[in-house]
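Residue numbers (the working numbering), protein chains in the order written: chain L, 1 to 240; chain U, 1001 to 1088.
Here's the structure we're looking at; comments come further down.
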Amino acid sequence: MKCGIVVFPGSNCDHDVYHVLSHVLEQETAFLWHQETSLEGCELVVLPGGFSYGDYLRAGSMAAHSPIMAAVRRHAEAGGRVLGICNGFQMLLETGLLPGAMRRNRDLRFLSVDVHLRVERDDLVYCSDYRRGDVLRMPIAHAEGNYVDTEEALDELERRGQVVFRYVDAAGRLEPAANLNGSERAIAGICNGGGNVLGLMPHPERCAEEMLGNRDGLGLLAGAVAAGGGRVGSLAAAGG
Amino acid sequence: MTSQDSRFVARVLVYPRAEVLDPQGRAIEDALGRIGFDGVRRIRAGKSFEVALDVADERQATEAVDRMCRQLLANPIVEDYTVEWVSE
């Protein structure tokens, strides 16, 4: 699958994603500069982590209005795959492709640590290597990952099954202490109604090879480039 | 700019919405207590922007600033904004 990684001034996880997609998963992969207006036929678009535009104004807010984002929006709205990791997730929120917003972490600290995630959906193409209830270990590295939305919007998100990953303890239990950034409902990653747009704060690209001591994230990127539509959208269509 | 143009300067104040936890405001509140300022009931940490516009009239200025607040300067999910007009 042809993959495109959008590069913004201040992106710093673009090469990590490139490495996994191109060298580990052996996909045709290209960098797309943020000032381009075409996705050059890429089927998977990745908005990588980093500090686009130095996090000016709000994390992801400047990138959300960069020239390439119009094409990313069209791609997403046509059902194309868009994966936002960390700062990329913040961009998806700022563009409105995913609902909600980010606040500073509850304790105001930049958090760079491994966390545990529980897989809440396994019918998405991104999660095709996982099973619901699986507990994954992945690193986080962010200062603004404290997910929030109105209570009604959070209820709607839950009702539609758009919560894909939650912060849990190693045994998969929801514990306040495991939700380090203070996110509402321990939300670590969400998808859109169609299941083709996924955003998450943890970094799967940093744990996708055995030599790094952890390959829990490989499944997510392998799913992102998996052929076929999988069961994308089936749950949303069922009103789940 | 020609002499016919009117100049408008807006001061946009953006604050976390009242019901949204403001961890920065809370930290500043705690710090003020630690250095001896009693009786501080609340601190909200926000941002301000000065927006100078070259537009024809007040209606255009108001509309433009309102749109830029909604589209970029504030995130309506977590922030409220107010606009004050100042003389330059």
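We treat Cβ as the ideally placed atom computed from N, Cα and C, and that holds for glycine.
Practice problem: Anything in the segment 87 to 120 of chain L with a Cβ closer than 9 Å to a Cβ of chain U? List those residues in chain order, please. | Solution: 93, 94, 99, 100, 101, 102, 103, 104, 105, 106, 107, 108
Quiz item: Going straight from the alpha carbon of residue 56 of chain L to that of residue 62 of chain L, what length do you get?
Solution: 7 Å
Quiz item: Can you tell me whether residue 197 of chain L is buried or exposed, with buried defined as 16 or more other CB within 10 angstroms of its CB?
Solution: buried
Self-check item: Test: residue 22 of chain L CB closer than 8 Å to a CB of chain U
Solution: no
Quiz item: For residue 111 of chain L versus residue 164 of chain L, is the C-beta spacing smaller than 8 Å?
Solution: no
Quiz item: Can you find a CB in chain L that lies within less than 8 Å of the CB of residue 1078 of chain U?
Solution: yes
Exercise. Decide yes or no for the touch test of the segment 179 to 187 of chain L against the segment 64 to 77 of chain L: beta carbon pairs closer than 8 Å, at least 3 of them.
Key: no
Quiz item: Going along the chain, which residues of the segment 52 to 66 of chain L sit with their C-beta nearer than 8 Å to a C-beta in chain U?
Solution: 57, 58, 61, 65
Quiz item: alpha helix (DSSP H) containing residue 15 of chain L: first to last residue?
Solution: 14 to 18
Quiz prompt | Span separating the alpha-carbon of residue 28 of chain L from that of residue 81 of chain L | solution = 15 Å
Exercise. Would you list, in sequence order, the uninterrupted beta strand (DSSP E) runs of no fewer than 3 residues that lie entirely inside the segment 153 to 227 of chain L?
Key: 163 to 168, 187 to 191, 197 to 200
Quiz item: With a CB to CB cut of under 6 Å and the five nearest residues on each side skipped, what residues in its chain are close to residue 36 of chain L?
Solution: 68
Practice problem: State the start and end residues of the unbroken beta strand (DSSP E) segment that holds residue 1040 of chain U. | Solution: Premise fails: residue 1040 of chain U is in no beta strand (DSSP E) and is neither H nor E.
Exercise. Verify whether the separation of the beta carbon atoms of residue 1027 of chain U and residue 1083 of chain U is less than 8 Å.
Key: no
Quiz item: Does residue 1060 of chain U come within less than 8 Å of chain L when only Cβ atoms are used?
Solution: no
Quiz prompt | DSSP three-state assignment for residue 1023 of chain U, whether helix, strand or coil | solution = helix
Exercise. Determine the extent of the beta strand (DSSP E) in which residue 116 of chain L is found, giving its start and end residues.
Key: 111 to 119
Quiz prompt | Three-pair Cβ contact test at 8 Å for the segment 138 to 147 of chain L versus the segment 102 to 109 of chain L | solution = yes
Exercise. Within the same chain, show all residues whose beta-carbon is closer than 7 Å to that of residue 1078 of chain U, passing over the 5 residues directly before and after it, in chain order.
Key: 1016, 1017, 1020
Practice problem: Check whether the Cβ of residue 197 of chain L lies closer than 8 Å to any Cβ atom in chain U. | Solution: no
Quiz item: What in chain L is Cβ-close to residue 1072 of chain U, meaning under 8 Å?
Solution: 57, 61, 65
Quiz item: Is there a Cβ from chain L that is less than 8 Å from the Cβ of residue 1009 of chain U?
Solution: no
Quiz item: Which residues bound the alpha helix (DSSP H) around residue 89 of chain L?
Solution: 87 to 95
Quiz item: Among residues of its own chain, excluding the 5 on either side of residue 70 of chain L, which ones have a beta-carbon nearer than 8 Å to its beta-carbon?
Solution: 37
Quiz item: In chain L, what lies closer than 9 Å to residue 1021 of chain U by C-beta?
Solution: 103, 106, 146, 148, 182
Exercise. Measure the CB-CB distance between residue 44 of chain L and residue 3 of chain L and report whether it falls below 8 Å.
Key: yes
Quiz item: Taking Cβ-Cβ distances below 7 Å as the criterion, which residues of the segment 1022 to 1052 of chain U are in contact with chain L?
Solution: 1023, 1024, 1027
Practice problem: Leaving out five residues on either side along the sequence, give the residues of the same chain with a beta carbon under 7 Å from the beta carbon of residue 59 of chain L. | Solution: 87, 90, 102, 144
Quiz item: Can you list, in chain order, the residues of its chain whose CB lies under 7 Å from that of residue 1024 of chain U, leaving out five sequence neighbours each side?
Solution: 1045
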